[in-house]
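Trainee: My questions will all concern the structure given below.
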Amino acid sequence: MKYADKNKQPTVSERRGRITEGTRRAEPLQASEGGGAEARAQADAERSVIPLRSLTGSIKAQKLLRELGIEARVVKPGSAYSGGGCGYGISVSRHSYDAAVKALGDAGIAPLRIGR
Amino acid sequence: MKKDQGLIYFDNAATSFPKPAKVLRRTASVLSRSCGNPGRSGHLLSMRASEVVYDCRRRLAEEFGGELENVVFTSSATHAINLGIKTALKVGDHVLISDIEHNSVIRPIAKLAERGLITYTVYPASADAKRVISDISERVRPNTAMLVACHHSNICNIVQPIREIGGFCRENGISFLVDAAQSAGTLDIDARRDCIDILCAPGHKGLYGLPGSGFALFGERYSGDSGVLLGTFMEGGNGIRSREAFMPDFLPDRLEAGTLAVPAIGAMSAGLDFVRERGKERIFSHEKRLYRRLARGISELSERVTVYGDGTEGAILLFSVDGLGSEEVAARLDDLGICVRAGLHCAPTAHRRLGTPEDGAVRVSFGAMNTDEEVDRFTEALEKIAFAR
Numbered sequence: 123m124k125y126a127d128k129n130k131q132p133t134v135s136e137r138r139g140r141i142t143e144g145t146r147r148a149e150p151l152q153a154s155e156g157g158g159a160e161a162r163a164q165a166d167a168e169r170s171v172i173p174l175r176s177l178t179g180s181i182k183a184q185k186l187l188r189e190l191g192i193e194a195r196v197v198k199p200g201s202a203y204s205g206g207g208c209g210y211g212i213s214v215s216r217h218s219y220d221a222a223v224k225a226l227g228d229a230g231i232a233p234l235r236i237g238r
Numbered sequence: 038m039k040k041d042q043g044l045i046y047f048d049n050a051a052t053s054f055p056k057p058a059k060v061l062r063r064t065a066s067v068l069s070r071s072c073g074n075p076g077r078s079g080h081l082l083s084m085r086a087s088e089v090v091y092d093c094r095r096r097l098a099e100e101f102g103g104e105l106e107n108v109v110f111t112s113s114a115t116h117a118i119n120l121g122i123k124t125a126l127k128v129g130d131h132v133l134i135s136d137i138e139h140n141s142v143i144r145p146i147a148k149l150a151e152r153g154l155i156t157y158t159v160y161p162a163s164a165d166a167k168r169v170i171s172d173i174s175e176r177v178r179p180n181t182a183m184l185v186a187c188h189h190s191n192i193c194n195i196v197q198p199i200r201e202i203g204g205f206c207r208e209n210g211i212s213f214l215v216d217a218a219q220s221a222g223t224l225d226i227d228a229r230r231d232c233i234d235i236l237c238a239p240g241h242k243g244l245y246g247l248p249g250s251g252f253a254l255f256g257e258r259y260s261g262d263s264g265v266l267l268g269t270f271m272e273g274g275n276g277i278r279s280r281e282a283f284m285p286d287f288l289p290d291r292l293e294a295g296t297l298a299v300p301a302i303g304a305m306s307a308g309l310d311f312v313r314e315r316g317k318e319r320i321f322s323h324e325k326r327l328y329r330r331l332a333r334g335i336s337e338l339s340e341r342v343t344v345y346g347d348g349t350e351g352a353i354l355l356f357s358v359d360g361l362g363s364e365e366v367a368a369r370l371d372d373l374g375i376c377v378r379a380g381l382h383c384a385p386t387a388h389r390r391l392g393t394p395e396d397g398a399v400r401v402s403f404g405a406m407n408t409d410e411e412v413d414r415f416t417e418a419l420e421k422i423a424f425a426r
């Protein structure tokens, strides 16, 4: 066991050059599926996070995207995404990222950050 | 939920009872399946709770004409009113309030005035739009920043014409706060159409939810990035931007600190469903019919009973019995299994206006679950009390 300090080692995600913390949470109303860490890491690698400024906005975005046929999940992506600390966003598959960002922009929902 | 055998509950203006079965089922369901802390975590129960909260925001926004992000959950209408008043007003502002306001308005306004932060003027409430606009116009000052109007009195059936008052406020750049404690769930309210900037309501009265619930719906004036930035009312954690020492600058997060009452919020959704299914107009018509029945019964009963108000039909009937204090009458009714509220009902200026006795009066307030038979039993009970000397 290690105690955390400010000189902590980079996380697996950071080593991968991509922050995926929290994206593992699946559909909110369903229990998460099994599959182990490897499968989960693989699934995470296929997804991108769009950070939004609030949980309310994230759920709204999720519903909007789903109505448009874009699969999306609400996630808690970690402070690296939200800037000021804790926050929420949505996770979409990498191939639908651009379409999702555009759809959200069209609906007046501005991501906190754009770019995978 | 079934009432106690034979119990008559005529105190729906305090809180509605019994609650619809779907409200009880929903409360139990949220407590057993979805009672994580919304907006704190990403795990299953937290996200379920977040869905419960979001769903209620959406329903309230649809029902009352606003944006779901502008629905701020509170513990009561009083909480919502305090929140609206204290976050929207600035030092030096002047406020107009009506003479039928509840202490949920009078007290926060009086406190701010006592501290020298604001000034305020009282205008006479009226259901007559022309008259009330004229009375308001006479009292507007250059620094009038807000008008607070009780939509439906909590002791009589005065309904202020909020659409017309809202239009006047919008034309004159005055923020319009509506206390819908007695009207949400029975009267038609559309914050956009009625130019309401802050709509405050409880979840546990006409929306048939649980005590400890309420909301404030903010209008365009305070929303979006171009809206007026509200102050904060209570600071604390809400799971957003935790590194920052200050509350977020957007709704609803700016005004929601601390854990939300998720079961009560879920219950409010179910209560709103109940109201929609039964129909606001139908519920109000039912209450007016009960009022007519009771008023007729009392009028035939005795000259010892005085009914207050102008005879407008509605959910509330206020009366006193000659020679008996209001609390005494309420206690005797309670002995007969009838629940009513006596006293000043936290509305001292409204009582003054109606000319009730020093210790107030007895209020009968109907709800969707009351029946003709209960009204008839009440009339018989009141007769016994009025003549038992």
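Sequence lines, in order, name chains A and B. Numbered per my numbering, the first sequence spans residues 123 to 238. Numbered per my numbering, the second sequence spans residues 38 to 426. Ideal Cβ placement from N, Cα and C applies to all residues, glycine included.
#1: Starting from V197 (chain A), find everything on chain B with Cβ-Cβ shorter than 9 Å and list it in chain order.
#2: Please list the partners that R175 (chain A) has in chain B, where partner means a Cβ-to-Cβ separation under 9 Å.
#3: Who are the Cβ neighbours of P145 (chain B) in its own chain at under 6 Å, not counting the five residues just before and after it?
#4: Please report how far the alpha carbon of S112 (chain B) lies from the alpha carbon of L309 (chain B), in whole angstroms.
#5: Pick out whichever of B:G273, B:R95, B:I233 and B:D290 has its Cα sitting closest to the Cα of L266 (chain B).
#6: Please state whether the Cβ-Cβ distance between E364 (chain B) and K325 (chain B) is less than 8 Å.
#7: What separation, rounded to the nearest whole angstrom, lies between the Cα atoms of S78 (chain B) and R169 (chain A)?
#8: Please check the pair R94 (chain B) and V108 (chain B), which I expect to be a contact at CB under 8 Å, by giving their CB distance rounded to whole angstroms.
#9: How far does the beta strand (DSSP E) with L184 (chain B) in it reach, from first residue to last?
#10: For G222 (chain B), does the three-state DSSP call read helix, strand or coil?
#11: Under the three-state reduction of DSSP, which class applies to S87 (chain B): helix, strand or coil?
#12: Should M1 (chain B) be flagged as near chain A, meaning a C-beta pair shorter than 8 Å?
#13: Starting from the beta carbon of S201 (chain A), find every residue of chain B whose beta carbon is closer than 7 Å, and list them in chain order.
#14: When DSSP labels each residue in this structure, what does F321 (chain B) get in the three-state scheme?
#15: First and last residue of the alpha helix (DSSP H) that includes C206 (chain B)?
#16: If I follow the unbroken beta strand (DSSP E) through T64 (chain B), where does it start and stop?
#17: Please name the residues in the region 94-108 of chain B whose beta-carbon is closer than 8 Å to at least one beta-carbon of chain A, in chain order.
#18: List the whole-angstrom C-beta distance separating S402 (chain B) from F47 (chain B), where the pair is believed to meet the contact cut-off of C-beta under 8 Å.
#19: Among B:T223, B:G76 and B:A368, which residue has its Cα nearest to the Cα of I422 (chain B)?
#20: Taking DSSP as the reference, what is the three-state secondary structure of C193 (chain B)?
#21: Three-state secondary structure (DSSP) at A298 (chain B)?
#22: Thinking C-alpha only, which one of B:T52, B:V89, B:Q197 and B:P57 is nearest S69 (chain B)?
#23: Closest to A218 (chain A) by C-alpha separation, out of A:S180, A:T178 and A:R188, would be which residue?
#24: Along chain A, which residues have their Cβ under 8 Å away from the Cβ of S87 (chain B)?
#25: What does T343 (chain B) pair with, by DSSP beta-bridge criteria?
#26: Closest by CA to L254 (chain B), which one among B:D231, B:D372 and B:I353?
#27: With DSSP collapsed to three states, give me the class of S213 (chain A).
#28: Since D48 (chain B) sits in a beta bridge, which residues does DSSP pair it with?
#29: Could you tell me whether the Cβ of G227 (chain A) comes closer than 8 Å to any Cβ of chain B?
#30: Note the first and the last residue of the continuous alpha helix (DSSP H) segment covering P75 (chain B).
#31: Examine chain A for any beta-carbon lying closer than 8 Å to the beta-carbon of T52 (chain B), and answer yes or no.
#32: Evaluate contact between the region 401-418 of chain B and the region 372-382 of chain B, counting only Cβ atoms and requiring at least three cross-stretch pairs below 8 Å.
#33: In angstroms with no decimal places, state the Cα-to-Cα distance between L82 (chain B) and T296 (chain B).
#34: I'd like to confirm something about I122 (chain B): is its beta-carbon nearer than 7 Å to some heavy atom of the ligand GDP, or not?
#35: Count the other CB atoms within 10 Å of the CB of E138 (chain B); is the residue buried (16 or more) or exposed (fewer)?
#36: Could you compute how far the alpha carbon of V412 (chain B) sits from the alpha carbon of D165 (chain B)?
Mentor: Taking the structure as given:
#1: Within the first sequence, the letter at position 75 stands for residue 197 (chain A). Simply G79.
#2: Sequence index remark: in the first sequence, residue 175 (chain A) carries index 53 (1-based). Within chain B, I277, R278, P285, F287 and D290 have C-beta atoms less than 9 Å from the C-beta of R175 (chain A), given in sequence order.
#3: The residue labelled residue 145 (chain B) in the question sits at position 108 within the second sequence. Excluding positions up to five away in sequence, the list reads N119 and I122.
#4: Residue 112 (chain B) sits at position 75 when you count from the first residue of the second sequence. Residue 309 (chain B) sits at position 272 when you count from the first residue of the second sequence. Looking at the two C-alpha atoms, the distance is approximately 17 Å.
#5: In the second sequence, the residue the question calls residue 266 (chain B) occupies position 229. When each option's Cα is compared against that of L266 (chain B), the closest is B:D290.
#6: Within the second sequence, residue 364 (chain B) is the residue found at index 327, counting from 1. Within the second sequence, residue 325 (chain B) is the residue found at index 288, counting from 1. Taking 8 Å as the Cβ cut-off, E364 (chain B) and K325 (chain B) do not qualify as a contacting pair.
#7: Residue mapping note: residue 78 (chain B) aligns to position 41 of the second sequence, counting from 1. Residue mapping note: residue 169 (chain A) aligns to position 47 of the first sequence, counting from 1. Computed Cα separation, rounded: 20 Å.
#8: Indexing the second sequence from 1 puts residue 94 (chain B) at position 57. Indexing the second sequence from 1 puts residue 108 (chain B) at position 71. About 4 Å separates the two Cβ atoms, so the contact holds.
#9: Sequence index remark: in the second sequence, residue 184 (chain B) carries index 147 (1-based). T181 to C187 is the span of the beta strand (DSSP E), which, as asked, contains L184 (chain B).
#10: The count along the second sequence starts at 1 and reaches residue 222 (chain B) at position 185. Note: G222 (chain B) maps to coil in three-state DSSP.
#11: By 1-based counting over the second sequence, the position of residue 87 (chain B) is 50. Helix, per DSSP.
#12: Since the first residue of chain B shown is 38 and the last is 426, residue 1 (chain B) is not available in this structure.
#13: The residue labelled residue 201 (chain A) in the question sits at position 79 within the first sequence. Correct list: R280.
#14: Translated into positions along the second sequence, residue 321 (chain B) becomes position 284. Annotated three-state conformation of F321 (chain B) is helix, per DSSP.
#15: As a position in the second sequence, residue 206 (chain B) is number 169, starting the count at 1. From DSSP, the alpha helix (DSSP H) with C206 (chain B) extends over I199 to E208.
#16: Residue numbering aside, residue 64 (chain B) sits at position 27 when the second sequence is read from its first letter. Run containing T64 (chain B): none in the beta strand (DSSP E); it sits in the alpha helix (DSSP H), A58 to R70.
#17: R94, L105 and E106
#18: The count along the second sequence starts at 1 and reaches residue 402 (chain B) at position 365. The count along the second sequence starts at 1 and reaches residue 47 (chain B) at position 10. With 8 Å as the limit, S402 (chain B) and F47 (chain B) qualify as a contact, their Cβ atoms being about 6 Å apart.
#19: Taking the first residue of the second sequence as 1, we reach residue 422 (chain B) at position 385. Ranking B:T223, B:G76 and B:A368 by Cα distance to I422 (chain B) puts B:A368 first.
#20: Locating residue 193 (chain B) in the second sequence gives position 156, where the first residue counts as 1. C193 (chain B): coil per DSSP, three-state reduction.
#21: Sequence index remark: in the second sequence, residue 298 (chain B) carries index 261 (1-based). Here A298 (chain B) sits in coil by DSSP.
#22: On the second sequence, residue 69 (chain B) is found 32 positions in, with the first residue counted as 1. Taking only the C-alpha atoms, the option nearest S69 (chain B) is B:V89.
#23: Within the first sequence, residue 218 (chain A) is the residue found at index 96, counting from 1. The sequence shown places Ser at residue 218 (chain A), not Ala. Answer by Cα proximity: A:R188.
#24: Here residue 87 (chain B) refers to the residue found at position 50 of the second sequence. Near S87 (chain B) (Cβ distances below 8 Å), the residues of chain A are P150, L177, I181 and V196.
#25: In the second sequence, residue 343 (chain B) corresponds to position 306, counting from 1. T343 (chain B) is bridged to B:S357.
#26: Residue numbering aside, residue 254 (chain B) sits at position 217 when the second sequence is read from its first letter. The shortest Cα separation from L254 (chain B) among B:D231, B:D372 and B:I353 belongs to B:D231.
#27: For the purposes of this step, residue 213 (chain A) is identified with residue 91 of the first sequence, where counting begins at 1. Here S213 (chain A) sits in strand by DSSP.
#28: Within the second sequence, the letter at position 11 stands for residue 48 (chain B). Residue pairing of D48 (chain B) in beta bridges, as defined by DSSP: B:S402.
#29: The residue you call residue 227 (chain A) lines up with position 105 of the first sequence. No - not a single Cβ of chain B is within 8 Å of the one on G227 (chain A).
#30: Counting from 1 along the second sequence, the entry for residue 75 (chain B) is found at position 38. Unbroken run through P75 (chain B): none, as it is neither H nor E.
#31: The sequence position of residue 52 (chain B) within the second sequence is 15, counting from 1. So, not an interface residue.
#32: Yes, they touch.
#33: Reading the second sequence from its first residue, position 45 is the one you call residue 82 (chain B). Reading the second sequence from its first residue, position 259 is the one you call residue 296 (chain B). In a straight line, the C-alpha of L82 (chain B) is about 14 Å away from that of T296 (chain B).
#34: Looking at this structure, you won't find the ligand GDP or any other ligand, since it has none at all.
#35: For the purposes of this step, residue 138 (chain B) is taken as residue 101 along the second sequence, with counting starting at 1. So E138 (chain B) counts as buried.
#36: The residue given as residue 412 (chain B) occupies position 375 in the second sequence. The residue given as residue 165 (chain B) occupies position 128 in the second sequence. Going by the C-alpha atoms only, they are around 30 Å apart.
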